[in-house]
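S.K.: If you're matching positions, the sequence shown starts at 6 in the numbering used here and goes up one per residue.
C-beta: ideal position from N, C-alpha, C; glycine also.
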Amino acid sequence: MKHFSSIAALLCGALLLASPVKSQEAYTILLSGASFAEPSNTWFEMGCRALGAKAINRAIGGESIANTANRMADGTLYTPEEFEQIDAFVIMQVHEKDVFYSDSLKENYTDYRLPFDNSDYAACYDYVIKRYITECYNLRFNPESRYYGSPYGKPAVIVLCTHWNDGRPLFNTTVRKLAEKWGLPVVEFDKLIGFSQNQKHPVTGGQPSRIFTADSQVVHGKTFGWHPQHGETSYIQQRMAAIFSATMRQILLPKEFITQQ
């Protein structure tokens, strides 16, 4: 009898552990970014796996937020079918630029002249945010959408990201201002990565980020590690996956807690 009870308890425990992943598979998360976000990094894919979510990674090395805006404009960032299923749009375009201030922001995204170039990152971010919110809302008018007739359309869940460390202060500061302006959450890699540019490594004497990379970049007179090692065995990729998934858990409620359809 005791043996049977032990087996039953183990089975119940396994079901409890498995059910959140199974029920959360309905979530779909889209990522736009460049070299720090492209699939070979793996933090996004591992983070989505931890959430039980489907990952759509459209990050391409060498691109910028201007490319994201242009791909939205020409319809290549996501298909209509993908857009219907996307529950959150994560943006990790992290060049050391001001993404908050611009004297060229438009009232409506349709007022911008296309295509975008890299001369005004703030305008590109403004376009992407306004267009995504608009497209989400307008699903309420689409008879083929599951959001048809909803008073607010599809909830426009946009999540911004900092650089993977605190070595890009202009971007990290202004992306937080942008998030505050729109009321958007931020994946704060820079605060939670586990080291800071303010303290040198006690052994190497250099920036701590350099021990995690094979290349370097000079930013504002300091030499930082540039691209962290790729792959699931990379400590930085694992840490970023943990930070990302923890942030998303504050935004997307696990499906098993939603009982009404």
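With C-beta atoms as the reference, is F49 less than 9 angstroms away from F249?
M.R.: Contact: yes.
S.K.: Using only alpha-carbon positions, find the residue among W169, I198, A247 and L165 that is nearest to E185.
M.R.: L165
S.K.: Helix, strand or coil for N38 per DSSP?
M.R.: In the sequence on display, residue 38 carries Gly and not Asn. The answer is strand: DSSP assigns G38 an E or B state.
S.K.: What runs of the alpha helix (DSSP H), each 4 residues or longer, lie entirely inside the segment 232-257?
M.R.: 240-254
S.K.: With DSSP as the reference, label A270 as helix, strand or coil.
M.R.: Residue 270 lies beyond the residue range present for the chain, which begins at 6 and ends at 266; the question has no answer from this structure.
S.K.: Whose C-alpha, out of T178, K182, I91 and T167, is nearest the C-alpha of I138?
M.R.: I91
S.K.: Could you pull out every residue in the same chain whose Cβ sits closer than 6 angstroms to the Cβ of Y117, ignoring the five residues on either side in sequence?
M.R.: K111 and Y132
S.K.: With the cut-off set at 9 angstroms, would you say P207 and F217 are in Cβ contact?
M.R.: no
S.K.: Considering only the alpha carbon of each residue, which of F194, S214 and E193 lies closest to N332?
M.R.: Outside the shown range of the chain (6 to 266) lies residue 332, about which nothing can therefore be said.
S.K.: Tell me whether the beta-carbon of T47 lies closer than 9 angstroms to the beta-carbon of H235.
M.R.: The beta carbons of T47 and H235 sit closer together than 9 angstroms.
S.K.: Check the C-beta distance from S37 over to R54 and give it rounded, since I have them as a contact under 8 angstroms.
M.R.: Under the criterion of beta carbons closer than 8 angstroms, S37 and R54 do not qualify as touching, at roughly 19 angstroms.
S.K.: Please go through the same chain and pick out, in chain order, the residues whose beta-carbon is closer than 7 angstroms to the beta-carbon of S239, but skip the five residues on each side of it.
M.R.: Taken in chain order, the residues that qualify are P233.
S.K.: Could you check the C-alpha separation between F229 and A58 for me, to the nearest Å?
M.R.: 33 angstroms
S.K.: Please state the DSSP three-state secondary structure of L197.
M.R.: helix
S.K.: Less than 8 angstroms between the CB atoms is what I'm expecting for I134 and W187, so what's the real figure, rounded?
M.R.: 6 angstroms
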